[in-house]
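Protein chains in written order, with the numbering used here: chain A, 32 to 323; chain B, 32 to 323; chain C, 32 to 323; chain D, 32 to 323. Where is the CB? At the ideal position from N, CA and C, for every residue including glycine.
Number of protein chains: 4
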Amino acid sequence: MNLSGIIGYPVTPFSHDNKSVDLNKLGKVIDVLLKAKVDAIAALGSAGEAAYLSESEWKQVAEYTVKYVDGRIPVVIGVAQLTTEQAVNYAKYAYEIGADVIMLSPFSYYKLNEQEIYSHYESVSNSTPLPIMIYNNPSTCGVDMSPEFMLKMVDGIENATMIKESTGDIQRMHKIYKLSKGKVPFLNGCNHMALEALNAGASGWCTAAPCLIGDQPKQLFDAVKKGESEKAKTLFYKQYEFLEFIVSSGLAAAVKSGLALQGNEVGGPRKPLLPLNESAKNRLKGMLAELV
Amino acid sequence: MNLSGIIGYPVTPFSHDNKSVDLNKLGKVIDVLLKAKVDAIAALGSAGEAAYLSESEWKQVAEYTVKYVDGRIPVVIGVAQLTTEQAVNYAKYAYEIGADVIMLSPFSYYKLNEQEIYSHYESVSNSTPLPIMIYNNPSTCGVDMSPEFMLKMVDGIENATMIKESTGDIQRMHKIYKLSKGKVPFLNGCNHMALEALNAGASGWCTAAPCLIGDQPKQLFDAVKKGESEKAKTLFYKQYEFLEFIVSSGLAAAVKSGLALQGNEVGGPRKPLLPLNESAKNRLKGMLAELV
Amino acid sequence: MNLSGIIGYPVTPFSHDNKSVDLNKLGKVIDVLLKAKVDAIAALGSAGEAAYLSESEWKQVAEYTVKYVDGRIPVVIGVAQLTTEQAVNYAKYAYEIGADVIMLSPFSYYKLNEQEIYSHYESVSNSTPLPIMIYNNPSTCGVDMSPEFMLKMVDGIENATMIKESTGDIQRMHKIYKLSKGKVPFLNGCNHMALEALNAGASGWCTAAPCLIGDQPKQLFDAVKKGESEKAKTLFYKQYEFLEFIVSSGLAAAVKSGLALQGNEVGGPRKPLLPLNESAKNRLKGMLAELV
Amino acid sequence: MNLSGIIGYPVTPFSHDNKSVDLNKLGKVIDVLLKAKVDAIAALGSAGEAAYLSESEWKQVAEYTVKYVDGRIPVVIGVAQLTTEQAVNYAKYAYEIGADVIMLSPFSYYKLNEQEIYSHYESVSNSTPLPIMIYNNPSTCGVDMSPEFMLKMVDGIENATMIKESTGDIQRMHKIYKLSKGKVPFLNGCNHMALEALNAGASGWCTAAPCLIGDQPKQLFDAVKKGESEKAKTLFYKQYEFLEFIVSSGLAAAVKSGLALQGNEVGGPRKPLLPLNESAKNRLKGMLAELV
C-alpha cells in the first residue's frame with residue numbers, strides 16, 4: 032500500500048457549542064473531497080484538529096471515516112499522541128476499524144532525541160501490521176527529523192514505508208530522493224510548495240485544499256505527472272495565494288470558514304483556536320470567488 | 032501572592048511498569064526540595080511530565096502535592112492543556128484543592144495567534160480567583176510570546192500578575208523590566224541563565240536543580256540579592272555545567288537519573304521519553320560528585 | 032537586454048604566488064564556458080572572488096572578459112563594493128569597456144536598511160545606462176532583500192530590470208512571480224535549487240557549474256523549458272550532489288580544484304580562502320568521474 | 032597587555048562632502064572619550080566605519096589616533112580586511128605606528144571554515160608582536176566563531192590573547208569562562224548586554240556609548256566590579272534603551288547624529304550608510320536629554 036496522488040484532509044466538524052463532533056457533517060466534508068477526485072482520505076491530521084479531540088471523539092471520527100469511505104479509496108488515520116502508550120492504543124484502533132495506513136508524527140512537549148523517536152515508531156510498528164507514513168512537521172509537532180534519520184527508520188522499522196515531508200524545505204525532498212535512490216516514496220505536506228515537490232518526485236500531495244477548491248490540486252498533480260510543465264505552472268500560481276493563505280491562517284480555521292462561505296456550515300475550530308476574523312474571511316471569500 | 036526566591040520543580044515518580052504515578056515517592060521528592068530550602072513548590076511543570084499524564088493522574092499529583100506541602104510554602108500548579116476547556120477544568124481543580132498559583136502556558140499543536148492566546152488566558156482567569164503566572168517557553172510549548180504581549184495580558188487580564196520567561200534570551204527580561212518600569216514580577220525559567228536573570232531583576236528562579244544539588248540554587252539567589260557579586264559568580268559557574276546538562280538532556284530524564292544515583296529511585300520518564308543512556312548517566316554522576 | 036538560459040560564472044585564475052591575476056588562464060576558463068554552451072558570461076561574481084581583488088585587478092578582469100568574449104554572448108559584470116562611491120566607479124567602468132549588464136549586490140559590513148539599499152541602487156543606476164540585475168545573496172552579502180522590496184526597486188529605479196535570487200528559498204521566487212504577474216524576469220542563483228527555480232518560472236540559472244560539467248546545466252534548462260519533466264528530473268538528480276558540493280565547499284575553491292583535476296591549473300583561491308583539502312578533492316574527483 | 036574597563040570607540044568624522052577624513056574632528060571625539068574616563072581607545076572598529084575607508088584614509092586614522100592619545104591610555108586598532116595579505120599589511124602598520132593591541136575579525140564575503148580563519152589569524156600573529164584581540168561579530172563580519180574555536184586559537188596562536196564577543200548570546204561568555212577556567216580574558220561587544228557580561232566575568236566593555244553619555248558606562252563597570260549590584264542594575268536600566276537604540280540604528284549613524292545634537296558636528300556616515308532620519312533623531316534627542 033503506497034499512496035499516490037492527492038491525499039485529501041477533511042476538517043472535523045463540531046456541534047454549535049463546540050463540545051461534540053458532528054459526524055453527519057463530517058460525512059458531507061468527505062463527500063466534498065470525493066467529488067474533488069482525491070486519491071485517498073486522511074482523517075485526524077492537522078486539519079482535523081486531532082490534537083484537540085478527546086479519546087472517544089478521536090475514535091468516533093476514525094471509525095466513521097472508514098465506514099463512510101467504505102473502501103472506495105484508501106483511508107489514512109493520523110496518530111500524533113504525546114505518549115507512546117496512547118499512540119499504540121490509537122494505532123491498534125485504526126487497524127481494528129479497517130484503516131489502510133497510519134500517519135505517525137512524534138508530537139511532543141519535550142524535544143525528543145533520535146533514540147526516543149525511533150523507539151516510538153518501533154513500538155507503533157510492532158503493534159499493528161498497517162503501513163506507517165512517517166510524518167515530519169516540526170512547526171506543529173516540535174520535533175524535526177532529518178532525511179537521513181527518517182530513511183534509517185524506513186530501513187529498520189518494518190512497517191515504516193513512506194515519508195510525508197512538511198518542513199517547507201525542498202532540499203529535504205532532494206535528499207530523500209538521492210539517499211534512497213528514488214526508492215522510498217515521499218509525499219508533500221507543504222501546500223505552497225506543491226509544484227516543486229511534485230517535480231522533485233513526490234508521489235503525492237497531502238492537502239486540505241480540495242475541501243474548498245475541488246479538483247484543482249488533482250489537476251496540478253496530473254499536469255506535473257504528464258510533463259505538462261507550462262500548464263502545471265499556471266495551475267500552481269492560480270492556487271498559490273490560496274494555498275499560502277490556508278496554511279498561514281491555520282488550516283482548520285481557514286477551511287471551516289471557507290466551507291461556511293460555500294454553504295457547508297461545519298462549526299468553528301475548537302478553542303484556543305478561533306475562527307477567521309472578518310478581514311481574513313473577506314480575503315478568503317475573494318480568493319474563492321476567483322478560484323471556484 | 033507574588034512568588035520570590037527559588038521555585039522548586041519536583042519530577043513525577045512512576046511505578047516500575049511506567050503505568051501509574053507513585054505518590055509516596057512524590058512525597059519524598061518534595062521532602063528533598065523542602066530540605067533544599069525552596070521558597071515554593073511548582074508541581075506539573077515541564078520537569079513533572081505533566082503533558083504525559085492522564086487527567087486522573089494529573090489530578091492525583093496536584094491534590095497530593097498541595098496536601099503534602101500543607102501550607103508550609105506556596106504551591107504552584109502548572110496548566111498546559113491543549114484545549115481551553117481542559118485548561119479551565121484543570122485550573123478550577125487547582126483552585127478547589129487549595130493551590131496558590133496557576134502557571135499557565137499556551138501548549139499548542141497549531142501556532143496560536145495573539146488573539147487566541149489572550150482569549151485562552153482570559154478564560155482561565157475568569158474561571159478561578161487564583162493568580163496566574165504567564166509562562167513563556169516556546170521550545171516546549173511551540174508558541175512564543177513577546178514581552179510586549181505578555182505585559183498586555185498582565186494589564187488586561189485580572190489574575191495574570193507575573194511572568195515566567197524561559198526563552199533563554201536575557202533581552203526579554205530587560206524588556207519586561209523596562210516596559211513595566213520594574214513593576215511586573217518576572218521569574219527565570221532558563222537554568223543556565225540564572226545569574227544574569229537574577230541580576231536583571233528576576234524575583235525568582237524556577238528550577239528542578241534543587242532535586243539534586245540541595246540549596247546551592249538558593250545560595251546563588253541569596254548572593255545576588257545581597258550584592259555579593261563575586262560569590263554569586265563563583266556559585267553560578269560551579270553549577271553551570273550541571274544546569275546546562277539537565278536542560279539539554281531533558282529535565283525529567285536527567286533529574287530522575289540523578290535521584291536514582293543519590294539513592295532515590297523514582298522510576299524512569301514516560302515513553303517516548305527515555306532514561307539517560309549510560310554515558311550521560313556517567314557524566315551526571317561525575318558532576319554530582321563534584322557538586323554535592 | 033534580458034538574460035535567459037545559463038549564465039556562466041568563470042573563476043578568476045591567479046599566478047602561483049597568489050599575488051596577481053592570470054589573464055591568459057582566464058581566457059581558457061571562458062573557453063570552457065563557451066564550449067559548455069552558456070548563454071552569457073558573468074565575471075566578478077562570487078565564484079570570481081571579486082571581493083578579494085584590488086581595484087586594478089578588478090578592472091583588468093572586467094576589461095579582459097569583455098574583450099575576450101567579444102560580443103559572442105552578453106557579458107555581465109558583478110559589482111559588490113562596500114561604498115556607494117566605489118560601486119558607481121566600478122559600474123561606470125563596466126559601461127566604458129562595453130559590458131552588457133551590471134549585477135549589483137549590496138555587500139555590506141553594517142546591516143543596511145531599505146532606504147540605504149534603495150539609494151545605493153539608485154546611485155548606480157543614475158551613473159550608467161546599463162541594465163542592472165538586482166542580486167540578493169544574504170549569505171555572502173550580509174543583507175537580505177524581500178521580493179516586495181526588490182520589486183519596488185524594479186518599479187522605481189530606471190535601470191533595475193531583473194532579479195537574481197540566491198537565498199535558496201523557493202517561496203521567494205513564487206512571490207516575485209505572483210507579485211509581478213510574471214513580468215519581472217528572475218534568475219536562479221542557488222545551484223542545488225535549479226530544478227524548482229526553472230519550473231517556477233526563472234528565466235535563467237546563474238552558475239559556475241559549466242566550468243566543470245560542460246553543458247549539463249544547459250541540458251537541464253532545455254529539458255525544463257521543453258516540458259520534458261522526467262528528463263529534467265533525471266538530469267537534475269544526476270548533478271545534484273555535485274551542485275550542492277561546490278556551494279557548500281566554497282565555489283572558488285571547489286571550481287579551481289575541479290579545473291586542476293581536469294588539467295586546467297588555475298592556481299588556488301586567494302587567502303583567507305584555502306584550496307579544498309585532500310578528502311574534499313577526492314570526493315570531487317569521484318563526482319566528476321561519474322558526471323563527465 | 033590585557034585590557035580592562037571601558038574600551039571607547041570613536042567614530043570617524045568625514046568632511047562635508049563625505050570624501051575625506053577630518054582628523055581635527057577625530058581629535059575632538061577622542062577628547063570626548065578621554066573625558067568620559069575610558070580605559071582604552073579602539074580606533075577603526077565598527078563604529079569607526081573602517082570597512083568604508085580607503086587604505087590611505089585607514090592609515091591616517093590609525094596613525095593620528097596613536098599620536099593624539101600619546102600613551103595616556105592603550106590604543107587598539109581594528110583590522111577587518113577581506114584578504115589575509117591586506118590584514119597583515121594593516122597589522123604591520125598598526126605596529127609600526129605604535130599601537131598597543133590589534134582587534135582582528137574575519138570579515139568575509141564567503142563563509143570561511145575554521146581552517147581558513149585559523150590560518151588568517153596565524154598569519155597576522157606571525158607578522159607583528161602585538162597582542163591580538165579575537166573579535167567575533169557574525170552580524171557584521173558574516174562569520175561566527177564558537178567559544179571552543181576561539182579558545183583553540185588563544186592556545187595555539189602566539190599573540191592571540193583575548194576575546195571580544197559580540198553575538199549577544201550570554202552563554203558564549205559562560206562557555207569561554209568555564210572552558211578556560213576563567214583564565215582567558217574576554218570583553219563584551221554587545222552594548223545592551225553589558226550588565227550580564229560584566230557579571231559573568233567580562234574584563235571589559237567595548238563601546239561607542241561614551242561618545243555621547245560620558246562616564247555612565249564607566250560607572251556601570253565600576254559598580255559591578257565593586258559588587259554594588261543594585262546600583263549596577265539601576266545604572267544599566269537607565270542606559271538600556273539608549274544602548275539598544277545605537278546598536279539597532281547603526282552605530283556610526285547614531286553616534287554621529289548624537290554628537291551633532293551635542294554640538295560636535297562630525298559629518299554623516301559614508302554611503303551607502305545614511306544619517307538617522309528625523310524621527311530617529313528625535314528619539315535620540317529625547318533619550319540624551321534624559322541621560323546627560
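Beta-carbon separation of residue i and residue j under 8 Å?
i: residue 216 of chain B; j: residue 33 of chain B; result: yes
i: residue 220 of chain B; j: residue 196 of chain B; result: yes
i: residue 237 of chain B; j: residue 67 of chain B; result: no
i: residue 228 of chain B; j: residue 204 of chain B; result: yes
i: residue 132 of chain B; j: residue 122 of chain B; result: no
i: residue 83 of chain B; j: residue 301 of chain B; result: yes
i: residue 241 of chain B; j: residue 37 of chain B; result: yes
i: residue 174 of chain B; j: residue 148 of chain B; result: yes
i: residue 118 of chain A; j: residue 151 of chain A; result: yes
i: residue 115 of chain B; j: residue 154 of chain B; result: yes
i: residue 282 of chain D; j: residue 78 of chain D; result: yes
i: residue 318 of chain C; j: residue 273 of chain C; result: yes
i: residue 40 of chain B; j: residue 76 of chain B; result: yes
i: residue 143 of chain A; j: residue 137 of chain B; result: no
i: residue 135 of chain A; j: residue 104 of chain A; result: no
i: residue 167 of chain B; j: residue 198 of chain B; result: yes
i: residue 269 of chain A; j: residue 322 of chain A; result: yes
How far does the beta strand (DSSP E) with residue i in it extend, from its first residue to its last?
i: residue 110 of chain A; result: 106–110
If you reduce the DSSP assignment to three classes, tell me which class residue i lands in.
i: residue 237 of chain A; result: strand
i: residue 217 of chain B; result: strand
i: residue 166 of chain D; result: strand
i: residue 159 of chain B; result: coil
i: residue 114 of chain C; result: coil
i: residue 174 of chain B; result: coil
i: residue 132 of chain B; result: strand
i: residue 123 of chain C; result: helix
i: residue 188 of chain A; result: coil
i: residue 138 of chain B; result: coil
i: residue 206 of chain C; result: helix
i: residue 59 of chain D; result: helix
i: residue 243 of chain B; result: helix
i: residue 34 of chain D; result: coil
i: residue 65 of chain B; result: helix
Going by the DSSP bridge assignment, what does residue i pair with across the sheet?
i: residue 52 of chain A; result: A/45
i: residue 39 of chain C; result: C/72, C/238
i: residue 194 of chain A; result: A/165, A/217
What is the residue span of the alpha helix (DSSP H) that residue i lies within?
i: residue 198 of chain D; result: Looking at the DSSP string, residue 198 of chain D is not in any alpha helix (DSSP H), and its letter there is neither H nor E.
i: residue 224 of chain D; result: Residue 224 of chain D -> no alpha helix (DSSP H), and no H or E assigned at all.
i: residue 277 of chain C; result: 260–279
i: residue 318 of chain A; result: 309–322
i: residue 98 of chain B; result: 86–100
i: residue 284 of chain D; result: 282–292
i: residue 297 of chain D; result: Element bounds for residue 297 of chain D: n/a, residue is neither H nor E.
i: residue 256 of chain A; result: 247–256
Which whole-angstrom value is the C-beta distance of residue i and residue j, which I expect to be below 8 Å?
i: residue 210 of chain B; j: residue 178 of chain B; result: 6 Å
i: residue 93 of chain D; j: residue 124 of chain D; result: 6 Å
i: residue 260 of chain C; j: residue 213 of chain A; result: About 15 Å; that fails the 8 Å criterion.
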